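First comes the structure, then the notes that go with it.
Residue numbers (UniProt numbering), protein chains in the order written: chain R, 1 to 303; chain D, 1 to 303.
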């Protein structure tokens with residue numbers, strides 16, 4: 001007796017996160033239609049037992065729950081209100097679960113438009129990475145009306161291990177996510193800078209990892225990303241351009257609010273330099289390689 | 001049968017860290033003489049069963065092991081080679097355990113001078129805070145000759161839960177400590193900035209703490225310092241001026257090595273602004289109060 005038995009869901013955006021979330025919904029008994037602009041992602045959905053659709057509108061038709069796992073506010077608006085968008089196909093009482101990272105005011109604008117049509121909007125940014133997406137063990141920072149939570153509940157339970165319920169206003173979840181992204185971006189940049197600084201002293205970088213992960217200088221990101229540097233493996237688990245985007249949103253929000261965020265600003269410049277140097281699509285630990293290009297240090301080479 | 005039974009140790013610098021370390025040595029059976037410029041710290045040593053001394057030289061006379069817990073290279077040099085310094089009183093074969101945070105090249109210079117006199121030097125910066133100092137559960141990042149380690153061992157075992165043995169060259173331990181301090185300083189500044197950013201959005205700061213400590217944006221420092229902000233308690237566990245000092249050392253080292261460290265540089269500016277605003281001796285989480293002075297946010301008030 002699974003939570004999704006007999007229920008129809010749609011997933012828009014079937015990349016590394018959305019693909020895993022669709023699989024988690026299928027395992028929970030949902031019938032899942034999905035849409036993505038990349039044909040290979042549609043084939044992967046079909047292989048997992050889902051039904052590829054030709055547009056967001058086609059995917060959403062008849063679904064009680066639509067989960068949108070695209071990258072930003074512009075894509076979310078296109079998914080909802082663009083040509084062959086979801087909004088026109090969704091029935092009153094259905095819920096749109098929006099997982100893209102965006103500014104709270106962008107969330108509020110989208111939610112207001114959708115709710116005027118009688119469709120619920122759950123602001124539901126996600127955290128946890130691709131492995132936990134595939135396991136149905138994400139962390140979701142959610143806010144929205146009681147009705148939106150109620151309608152979304154079976155899908156949330158299928159996709160997440162931790163659901164933070166952060167209030168009844170869409171945009172609050174997004175605010176929490178932006179605080180997390182500010183810290184995550186700063187910590188990745190700092191981890192790469194610290195490893196480069198250690199290399200400039202000629203320290204044994206594996207010992208540095210061992211010592212720091214047991215010390216007060218540790219962070220979740222240091223622990224998670226520095227192994228990529230030690231293994232010289234810059235295949236993107238999460239790309240540099242995710243942080244040029246997310247720290248860009250933080251800086252835009254902060255400027256509008258006349259709020260100085262100097263640490264986030266400096267981190268954004270490092271991600272932009274790394275992207276400018278041609279590594280935007282590589283793993284975000286590539287900030288370490290930026291330092292290695294401009295300073296007389298050597299980092300581990302691929303074995 | 002304790003490790004220190006019948007052994008004489010000296011502790012120079014009996015503040016929040018050194019005082020706890022002296023107590024740990026006493027519990028392990030060492031006889032401990034100590035020196036500090038603050039009379040109250042000498043009284044505390046006497047109350048714990050140690051013997052106050054009138055100078056570093058007087059404390060060190062007859063000691064097999066001298067533990068120096070002062071704040072920087074200048075003070076360490078004065079403790080060793082200044083008027084009534086330790087070096088003149090120490091016997092060949094004794095060991096000087098230096099815990100101050102300083103640049104590796106400063107360590108190498110001091111170690112060379114002392115070793116020319118036949119006295120061992122262990123480069124042994126510490127991490128863990130005052131509570132773990134008092135419990136004898138510090139982390140020590142140590143480097144030095146095999147003879148220095150052997151001579152220091154009983155005291156290290158009494159003071160530390162974790163002893164990282166980082167090689168036979170004095171200065172390597174200091175290098176690891178500076179990497180840790182770079183990260184620690186950046187993470188404190190980032191934690192304060194993130195809390196201020198969250199406050200600018202009107203988010204519930206206790207929920208922010210709960211969500212972030214379970215997310216990828218977490219750091220050891222976020223988890224440890226943000227409660228000071230939530231409780232509006234800026235009594236110094238570790239002061240702003242510790243980081244103006246330690247990040248200053250990082251920046252000096254990096255400049256000498258022609259190594260850019262932009263994240264550390266930005267964090268140092270925030271600590272300097274906080275110190276300039278009159279909070280240098282307050283808890284390092286006071287960087288959050290700096291943001292509250294210049295931006296339209298409100299942080300928790302003392303209850």
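Yeah, the Cβ is synthetic: ideal placement off N, Cα and C, and Gly gets one too. Predicted model, so just to flag it, every value in this text is computed and none were measured.
Residue i burial status per 10 Å Cβ neighbour count (16 or more: buried)
| i | result |
| --- | --- |
| residue 69 of chain D | buried |
| residue 97 of chain R | buried |
| residue 196 of chain R | buried |
| residue 1 of chain D | Note that residue 1 of chain D scores a pLDDT of 45, beneath 50, so its modelled location is shaky; the value from the coordinates is reported in the next line. Label assigned to residue 1 of chain D: exposed. |
| residue 193 of chain R | buried |
| residue 294 of chain D | exposed |
| residue 57 of chain D | buried |
| residue 256 of chain D | exposed |
| residue 143 of chain R | buried |
| residue 202 of chain R | exposed |
| residue 171 of chain R | buried |
| residue 258 of chain D | exposed |
| residue 127 of chain R | buried |
| residue 200 of chain R | buried |
| residue 246 of chain R | buried |
| residue 302 of chain R | exposed |
| residue 92 of chain R | exposed |
| residue 220 of chain D | buried |
| residue 154 of chain D | buried |
| residue 206 of chain D | exposed |
| residue 281 of chain R | exposed |
| residue 36 of chain D | buried |
| residue 32 of chain R | buried |
| residue 95 of chain R | buried |
| residue 343 of chain R | The structure shown has nothing for residue 343 of chain R, since chain R only spans 1 to 303. |
| residue 40 of chain R | exposed |
| residue 298 of chain D | exposed |
Whole-angstrom distance between residue j and residue i, CA atom to CA atom
| i | j | result |
| --- | --- | --- |
| residue 296 of chain R | residue 260 of chain D | 11 Å |
| residue 152 of chain D | residue 124 of chain D | 10 Å |
| residue 29 of chain D | residue 5 of chain D | 4 Å |
| residue 102 of chain R | residue 178 of chain R | 8 Å |
| residue 105 of chain R | residue 167 of chain D | 54 Å |
| residue 266 of chain D | residue 218 of chain R | 19 Å |
| residue 26 of chain D | residue 131 of chain D | 16 Å |
| residue 16 of chain D | residue 244 of chain R | 42 Å |
| residue 48 of chain D | residue 42 of chain D | 10 Å |
| residue 162 of chain R | residue 248 of chain R | 27 Å |
| residue 147 of chain D | residue 51 of chain D | 27 Å |
| residue 300 of chain R | residue 271 of chain R | 20 Å |
| residue 290 of chain D | residue 169 of chain R | 30 Å |
| residue 252 of chain R | residue 181 of chain R | 13 Å |
| residue 204 of chain D | residue 174 of chain R | 13 Å |
| residue 269 of chain R | residue 262 of chain D | 10 Å |
| residue 225 of chain D | residue 242 of chain D | 15 Å |
| residue 156 of chain R | residue 18 of chain R | 13 Å |
| residue 137 of chain D | residue 129 of chain D | 10 Å |
| residue 214 of chain R | residue 46 of chain R | 44 Å |
| residue 292 of chain R | residue 234 of chain R | 14 Å |
Beta-carbon spacing of residue i, residue j below 9 Å
| i | j | result |
| --- | --- | --- |
| residue 188 of chain D | residue 164 of chain D | no |
| residue 100 of chain R | residue 216 of chain D | no |
| residue 34 of chain D | residue 65 of chain D | no |
| residue 67 of chain D | residue 133 of chain D | no |
| residue 149 of chain R | residue 190 of chain R | no |
| residue 176 of chain D | residue 198 of chain R | yes |
| residue 87 of chain R | residue 114 of chain R | yes |
| residue 264 of chain R | residue 186 of chain R | yes |
| residue 90 of chain R | residue 63 of chain R | yes |
| residue 44 of chain D | residue 14 of chain D | yes |
| residue 8 of chain D | residue 55 of chain D | no |
Residue i Cβ short of 8 Å to the ligand ATP heavy atom set
| i | result |
| --- | --- |
| residue 42 of chain D | For the ligand ATP, the structure offers nothing, since it holds no ligand at all. |
Residues bridged to residue i (per DSSP)
| i | result |
| --- | --- |
| residue 164 of chain D | D:141 |
| residue 123 of chain D | D:98 and D:143 |
| residue 354 of chain R | Since the first residue of chain R shown is 1 and the last is 303, residue 354 of chain R is not available in this structure. |
| residue 68 of chain D | D:12 and D:98 |
| residue 283 of chain R | R:239 |
| residue 104 of chain D | None; residue 104 of chain D has no bridge partner. |
| residue 219 of chain R | D:219 |
(request) Determine contact between the region 233-252 of chain D and the region 275-285 of chain R, defined as no fewer than three beta-carbon pairs at a distance below 8 Å. (result) no
(request) Please confirm if the region 107-122 of chain R is in contact with the region 76-89 of chain R, defined as three or more CB-CB distances below 8 Å between the two stretches. (result) yes
(message) Assess contact between the region 220-229 of chain R and the region 11-26 of chain D, defined as three or more Cβ pairs (one per stretch) separated by less than 8 Å. Is contact present?
(response) no
(request) Could you tell me whether the region 115-124 of chain D touches the region 280-296 of chain R, using the rule of 3 or more Cβ pairs below 8 Å? (result) no
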